[in-house]
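> Take a look at this one; I'll ask things after.
Protein chains: 2
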Amino acid sequence: MKKLINSVETVLAESLQGFGQAHSDLVKVSFQPQYVTRATPKESGKVALVSGGGSGHEPMHAGFVGFGMLDAACPGEVFTSPTPDQMMAAAQAVETGGGVLFIVKNYSGDVMNFEMAEEMLENTATVLVNDDVAVEDSLFTQGRRGVAGTVVVEKIVGAAAEAGADLAACKALGERVNAASGSMGVALTSCTVPAAGKPTFDLGEDEMEMGVGIHGEPGRRRVASMPASEIAAEMVEAICESLQPASGDEVLLFVNGMGGTPAMELYLVYHAATQLCEARDLKIVRSLVGNYCTSLDMAGCSITVTKLDAEMQRLWDAPVKTAALRWGL
Amino acid sequence: MKKLINSVETVLAESLQGFGQAHSDLVKVSFQPQYVTRATPKESGKVALVSGGGSGHEPMHAGFVGFGMLDAACPGEVFTSPTPDQMMAAAQAVETGGGVLFIVKNYSGDVMNFEMAEEMLENTATVLVNDDVAVEDSLFTQGRRGVAGTVVVEKIVGAAAEAGADLAACKALGERVNAASGSMGVALTSCTVPAAGKPTFDLGEDEMEMGVGIHGEPGRRRVASMPASEIAAEMVEAICESLQPASGDEVLLFVNGMGGTPAMELYLVYHAATQLCEARDLKIVRSLVGNYCTSLDMAGCSITVTKLDAEMQRLWDAPVKTAALRWGL
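Chains L and G, in that order, are what the protein sequence lines are. Position one of the first sequence corresponds to residue 2 (the working numbering), numbered consecutively onward. Position one of the second sequence corresponds to residue 2 (the working numbering), numbered consecutively onward.
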């Protein structure tokens, strides 16, 4: 295992310390329990957005804490759900009367723990994200998995909460964005969990995992290596089969790196995906390319398509100031 | 070779097309010859900043084209200098009376080609960046190599040019920032150049290349794997031996990913580096962590320290709006 770490026991704590130091203008990192909040709290009375999940998907979620997006994030150990005490402490730290909306990726551990936190708090609601069209049911979850589409949900609902939308409106909007989003991933290599010390799965030199999950869960099929445009075609096809966009629909096209893939390749995949969208008469009105929802050091990428209505476009464009997404401020 | 590409011949063109499409609000990509310019030109009469170099270091340099940073970037083939015709076309496209400042990383091919372009143009100057403290003379250059410190030079000089500084002032400032910057890198794995199809160098499962160049050039020594804090210690020691910062100096601390290293590890290295800087009584006043000057899919990172005077701090903080660096706008 080749990693820039000191010990597998301290990876998360040391990384979070570095994150807090590098972005002390944006965030505050709390330990025992671990959670990340904004350095400058949101105005009182507005809905507080709290997300979280296993670590190893950075910048998700701590990199999205800040003005116009999340109020708090709860990082669990690598690929392990955070615990209810983290969620409760984070929620209590950021709640100012408007209630708390939890944004939860659909993995059984996360769902269970966020539910436990919700039961012990008042004035909360949850948006469950399950944008991964690759498979139903998987290694860690029932139903579809939540992956990179979560970034889109957090950005758009974050803007609405910042603008003063109430808890019910934020929840409804989050569910609308989730329903309008479809994603699929591909792995060229496995990730390696530090505590395991070896690749999560074996992949031959000429193989790829099509439809891989962000923890290295199996996808739709193990295939021989293909050109990028064929990979993109299979992913866009699967997404559109699920989303059923209409001719002329306006979309956000998002190519997400899994952590070990350079920008040069992500932009190449983006180019291939634009051609596929245009062939379906989809109008790409917003773009995002980069490492946003990763799987440690996995080489590969995912494609997300979100059908954007006018309100979503306006909220996507609203100012955001976080470590990983920033514009307008 | 596992890469998201279609063919080794078309990697660069397809990637640039994707980059231009994803950031059409920020940049315009020209082909034949290839260069990237701002979508919205700088005000007339101001100094135009043009950089460039081999591709494979994304987001450098095209990701830094935009308000407050570069006016144009010339991408060569992977790890290959751009040609004088690219530089001349780019310079002519963005020159509006204030002259052109070329920002050039110190590699013999780049230096020679930028010199040829300069000879055929009027009202130009060059800043040569050679921040890599690892080795004198290397596979592709005489003297020290130019690496991630180039990002700092481009940001700070970009802000000065935007504010109306003249050509001589921009050149002097760039040289001052370069002299105030020191960097060193480490590789845990080799990169793989698409056209070569195999790793640039061999590295054992328990080996690292300390002081590696951004093309996989040899560094100071081949060493057994070490904990991140020891790696950071050797790098910060080497940088400080060159920079000779005084106790109490204010610095920018920049941890740069080589392309295949996840954010979690970069923040962990950043944390280790902060402790080393503090032990030397350096005051970290600005931070940057992420993939900014990469080496294709190489796993590893570099550390850059820049001694920031008050003017440099002000210019670092000035608004910037590019694909890869963005704040204040």
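Every residue, glycine too, gets a C-beta built ideally from N, C-alpha and C.
Taking 7 angstroms as the CB-CB cut-off, is Gln87/L touching chain A?
This model lacks chain A altogether; the protein chains it does include are L and G.
> How long is the line joining the alpha carbons of Ala14/L and Met211/G, rounded to whole angstroms?
When rounded, the distance between both Cα atoms is 26 angstroms.
> In this structure, how does DSSP classify Val95/L when only helix, strand and coil are distinguished?
Looking at Val95/L - three-state DSSP - the assignment turns out to be helix.
> Can you tell me whether Asn124/G is buried or exposed, with buried defined as 16 or more other CB within 10 angstroms of its CB?
Result: exposed.
> Pairs of beta-carbons, one from the stretch 255-275 of chain G and one from the stretch 223-242 of chain G, closer than 8 angstroms: are there three or more?
Counting Cβ pairs under 8 angstroms, three or more are found: they touch.
> By DSSP, does Pro200/L sit in helix, in strand, or in coil?
If DSSP states are grouped into helix, strand and coil, Pro200/L belongs with the strands.
> Going by DSSP in three states, Cys294/L sits in which element: helix, strand or coil?
DSSP places Cys294/L in coil when its eight states are reduced to three.
> Could you tell me the distance, in whole angstroms, from the CA atom of Met70/L to the CA atom of Gly55/L?
Roughly 19 angstroms between the two C-alpha positions.
> Just the chain G side, please: which residues come within less than 7 angstroms of Tyr268/L by C-beta, in chain order?
Chain G residues near Tyr268/L: Ser16, Gly19, Phe20 and Ala23.
> Any C-beta of chain G sitting closer than 7 angstroms to the C-beta of His272/L?
Interface residue, yes.
> Can you tell which of Ser226/L, Gly186/L and Ala40/L has its C-alpha closest to the C-alpha of Leu204/L?
Comparing Cα positions, the closest option is Ser226/L.
> When the cut-off is 7 angstroms and only beta carbons count, does Ala229/L lie next to chain G?
With 7 angstroms as the cut-off, Ala229/L counts as an interface residue toward chain G.
> Does the distance from the C-beta atom of Ala92/G to that of Leu50/G stay below 7 angstroms?
No, the Cβ-Cβ distance between Ala92/G and Leu50/G is not below 7 angstroms.
> Please work out which residues of its chain come closer than 7 angstroms, Cβ to Cβ, to Leu17/L, disregarding the five sequence neighbours upstream and downstream, and give them in chain order.
Once the five neighbours on either side are set aside, the close Cβ partners of Leu17/L are Val30, Gln35 and Pro76.
> Under 7 angstroms between C-beta atoms, does Arg39/G make it to chain L?
No, Arg39/G does not count as interfacial toward chain L.
> Taking Val134/G as the reference, which of Ala319/G, Ala239/G, Ser8/G and Gly301/G has the closest Cα?
Closest option to Val134/G, Cα to Cα, is Ala239/G.
> For the beta strand (DSSP E) containing Val213/G, name the first residue and the last one.
It is not in any beta strand (DSSP E) - Val213/G carries neither H nor E in the DSSP assignment.
> So which of Tyr293/G, Glu176/G and Asp250/G has the shortest CA-CA distance to Asp310/G?
The residue with the shortest Cα to Cα distance from Asp310/G is Asp250/G.
> Name the residues in the stretch 296-324 of chain G whose C-beta lies less than 7 angstroms from a C-beta of chain L; which are they?
So the list reads Leu297, Asp298, Ala300 and Cys302, given in the order they occur along the chain.
> Considering Cα atoms alone, identify which of Leu174/L, Ala196/L and Leu189/L is closest to Val213/L.
The residue with the shortest Cα to Cα distance from Val213/L is Leu189/L.
> For Gly57/G, which residues of its own chain have a beta-carbon under 6 angstroms away from its beta-carbon, when the five flanking residues on both sides are left out?
Hits under 6 angstroms: Val79, Phe80 and Leu297.
> In chain order, what residues of the same chain have a beta carbon less than 7 angstroms from the beta carbon of Leu316/G, not counting five sequence neighbours either side?
These residues qualify, in order along the chain: Ile157, Ala160 and Ala161.
> Along the stretch 241-268 of chain G, where does the CB come closer than 7 angstroms to a CB of chain L? Name the residues.
Cβ contacts with chain L: Gly260, Gly261, Thr262, Pro263, Ala264, Met265, Glu266 and Tyr268.
> Going by DSSP, what residue range makes up the alpha helix (DSSP H) through Gly220/G?
Unbroken run through Gly220/G: none, as it is neither H nor E.
> Nearest-angstrom Cα distance between Met136/L and Gly220/L?
First, the amino acid is wrong: residue 136/L is Val here, not Met. The straight-line gap from Cα to Cα measures roughly 7 angstroms.
> Please report the straight-line C-alpha distance between Gly98/L and Lys43/L, rounded to a whole angstrom.
C-alpha separation (whole angstroms): 11 angstroms.
> Please report the residue range of the alpha helix (DSSP H) in which Glu10/L lies.
No alpha helix (DSSP H) contains Glu10/L, which DSSP labels as neither H nor E.
> Determine the direct distance from the alpha carbon of Arg223/L to that of Gly64/G, and round the result to whole angstroms.
The straight-line gap from Cα to Cα measures roughly 34 angstroms.
> For Arg281/L, name the three-state secondary structure that DSSP assigns.
Looking at Arg281/L - three-state DSSP - the assignment turns out to be coil, as it is neither helix nor strand.
> Please go through the stretch 154-200 of chain G and give each complete alpha helix (DSSP H) segment of 4 or more residues, from N-terminal end onward.
168-180, all fully within the stretch 154-200 of chain G.
> Cα-Cα, which of Ser139/G, Val130/G and Pro85/G is closest to Asn114/G?
Residue Pro85/G is the option with its Cα nearest to Asn114/G.
> Where do the ends of the alpha helix (DSSP H) carrying Asn107/G lie?
That residue, Asn107/G, is in no alpha helix (DSSP H); it is neither H nor E in DSSP.
> Can you tell me the Cβ-Cβ gap for Leu129/G and Cys171/G, rounded? I've got them flagged as a contact below 8 angstroms.
14 angstroms between Cβ atoms; not a contact.
> What three-state label does DSSP hand Ser230/G in the structure shown?
It is helical.
> Would you mind sorting Val286/G into buried or exposed? The rule is 16 or more other CB atoms within 10 Å of its CB.
Classification of Val286/G: exposed, given that the 10 Å Cβ count is below 16.
> Between the stretch 247-263 of chain L and the stretch 251-258 of chain G, do at least 3 Cβ pairs fall closer than 8 angstroms?
Verdict: no, contact absent.
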